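Enquirer: Residue numbers (the UniProt record's numbering): 1 to 375.
For every residue, glycine included, the Cβ atom is placed at its ideal position computed from N, Cα and C.
Computed from a prediction, not measured in an experiment: that's the story for all the values here.
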Amino acid sequence: MSYAIFRTQKMQSTVINKCQRHNQRENKVYSNKDIDLNKTSFNYDLHNKQNIIYKDEIDKKINERYKGKKAVRKDAVLNVECLITSDSDFFKRIGFDETKRYFEESYNFIKSKFGKENVLYATVHLDETTPHMHLGFVPITSDGRLSAKYWLDGKRKLTELQNEFHEYITHKGFDLERGTSSNETKAKNIKIQDLKKRSLEEINKINKELEKKQKEFEKITNILYQNSLDISQINEIKYEDASTLLRKDTENIKIRKSDFEKLKKSAIKAYEQHNLYATVSNKVENLEKLKDEYKQEKEIYYNKYNAIRHEYNRDIHCLKQNYEREIKEKNKLIYDLKKFIKINNFTEEFNTYSCSKNLKSNKNKKTIKYKDIEV
Numbered sequence: 001m002s003y004a005i006f007r008t009q010k011m012q013s014t015v016i017n018k019c020q021r022h023n024q025r026e027n028k029v030y031s032n033k034d035i036d037l038n039k040t041s042f043n044y045d046l047h048n049k050q051n052i053i054y055k056d057e058i059d060k061k062i063n064e065r066y067k068g069k070k071a072v073r074k075d076a077v078l079n080v081e082c083l084i085t086s087d088s089d090f091f092k093r094i095g096f097d098e099t100k101r102y103f104e105e106s107y108n109f110i111k112s113k114f115g116k117e118n119v120l121y122a123t124v125h126l127d128e129t130t131p132h133m134h135l136g137f138v139p140i141t142s143d144g145r146l147s148a149k150y151w152l153d154g155k156r157k158l159t160e161l162q163n164e165f166h167e168y169i170t171h172k173g174f175d176l177e178r179g180t181s182s183n184e185t186k187a188k189n190i191k192i193q194d195l196k197k198r199s200l201e202e203i204n205k206i207n208k209e210l211e212k213k214q215k216e217f218e219k220i221t222n223i224l225y226q227n228s229l230d231i232s233q234i235n236e237i238k239y240e241d242a243s244t245l246l247r248k249d250t251e252n253i254k255i256r257k258s259d260f261e262k263l264k265k266s267a268i269k270a271y272e273q274h275n276l277y278a279t280v281s282n283k284v285e286n287l288e289k290l291k292d293e294y295k296q297e298k299e300i301y302y303n304k305y306n307a308i309r310h311e312y313n314r315d316i317h318c319l320k321q322n323y324e325r326e327i328k329e330k331n332k333l334i335y336d337l338k339k340f341i342k343i344n345n346f347t348e349e350f351n352t353y354s355c356s357k358n359l360k361s362n363k364n365k366k367t368i369k370y371k372d373i374e375v
């Protein structure tokens, strides 16, 4: 059974541009190996007819609807992104048209829940292993506050939101299970390396079990072969009518005692063979069922691994881009500072100041070291 997957992520201003480049495929190269750029043309946005600049659209919505007395904080959550998907087997089973309807109905759910006027984008990705939709909205309340907490504060609200989504999407005709939340299972987030390790362990366990069952099957097959009836031996048995000079007997025959024992032994083997055949049939049937169950479990682990790897790669990419941007800004600041010092002939004063700072720093280090020795 497939599951309805609905996740949310709060985003501040520092990751908005990276999110835009990922969702709208503005980069030429991606570290995520699941992205097939040859299929990127199949991606589409249910909310926008063309690519947008996320930051500009966010500013526009805030300028039009934000009624707070204070300026928006620099660390405020400007975008909440919802990741909506299921597993690849589900989408293969329902086909392209129903896949499109699944995302359209999910888009309608978000609009009704958070307001169409708050929706920023609804990008469907079909160029990865599993189809999914990134849907972002600016968390502005009906009374004009910018508050992600109002919509998604605490595990209880998140659980309720996922329950509402599952109820809504199944009501629309999609046969999906409600995934068990981490709040209910008490499960914790795990690293992608740990998940991969667990998945490989499960796969190895499955393969060992299948190998064990295969050996059992071969063993029973050999027993059947050894106990099979030798038809040629039976055909060689000679017999004659049991008639005498005084009475004609057409119902009974006479055979040698050794031949009778041979027939008796063959009859017993035939009975045993019949029972063994029934046992083998049951074992083969159970083995096939077990194989299917393991295959489904393997698919579930694979889909979980892909979903987490997708989020992991995106987060790493965003952090890398953010770090590079900060380094670039600091390098520019250093360059401007040096230029300012040179233009205003502050070089001598700056060197004197720098030396005094170094001397003070070294003095503090010595004092600390001296104190450490005394103790």
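Which value, in whole angstroms, describes the spacing of the CA atoms of Asn322 and Arg7?
Expert: 23 Å
Enquirer: Here's the rule I'm using: 16 or more other beta-carbon atoms within 10 Å means buried, otherwise exposed. How should Phe103 be labelled?
Expert: buried
Enquirer: Strictly by DSSP, which residues pair up with Thr85?
Expert: Thr85 pairs with Ile5 and His132.
Enquirer: With DSSP as the reference, identify every bridge partner of Glu177, one or two as the case may be.
Expert: Tyr3
Enquirer: For Asn27, I'd like the list of residues in its chain whose CB is within less than 8 Å of its CB, leaving aside the five on either flank, ordered along the chain.
Expert: Arg21
Enquirer: What do you get for Met11, buried or exposed, if any count of 16 or more other CB atoms within 10 angstroms of its CB means buried?
Expert: buried
Enquirer: Can you check which of these residues, Asp56, Glu160, Cys19 and Leu135, is closest to Arg314 by C-alpha distance?
Expert: Looking at the Cα atoms, Cys19 is the closest of the given residues.
Enquirer: Between Tyr3 and Leu176, how many whole angstroms is the CB-CB distance? I'm expecting something under 8 Å.
Expert: Yes, they are in contact, since the Cβ atoms of Tyr3 and Leu176 sit about 6 Å apart, within 8 Å.
Enquirer: DSSP has Tyr121 in a bridge; who is on the other side?
Expert: Gly136
Enquirer: Could you tell me how far apart the beta carbons of Lys289 and Leu210 are, in whole angstroms, since I believe they sit closer than 8 Å?
Expert: Wrong, their Cβ atoms sit about 12 Å apart, outside the cutoff.
Enquirer: Among residues of its own chain, excluding the 5 on either side of Leu46, which ones have a beta-carbon nearer than 6 Å to its beta-carbon?
Expert: Tyr107 and Ala122
Enquirer: The alpha helix (DSSP H) with Thr159 in it runs from where to where?
Expert: Gly154 to His171
Enquirer: Hey, Phe91 and Thr40 are a contact pair by Cβ (cut 8 Å); roughly how many whole angstroms apart?
Expert: Not a contact, Cβ separation roughly 17 Å.
Enquirer: By the three-class DSSP mapping on this structure, what secondary structure does Tyr44 have?
Expert: strand
Enquirer: For the alpha helix (DSSP H) that Asn51 lies in, which residues bound it at each end?
Expert: Where Asn51 is concerned, there is no enclosing alpha helix (DSSP H), given that its DSSP letter is neither H nor E.
Enquirer: With 16 other CB atoms within 10 Å as the buried threshold, where does Tyr353 fall?
Expert: Tyr353 is exposed by the Cβ-count criterion.
Enquirer: For Ile231, which residues in the same chain have their Cβ closer than 8 Å to its Cβ, ignoring the five residues on either side in sequence?
Expert: At Ile231, the pLDDT of 48 sits below 50, so the modelled position is not reliable; the number obtained from the coordinates is stated separately. The answer is none, since no qualifying residue turns up.
Enquirer: By the 10 Å Cβ neighbour count, where 16 or more other Cβ atoms means buried, how is Tyr335 classified, buried or exposed?
Expert: exposed
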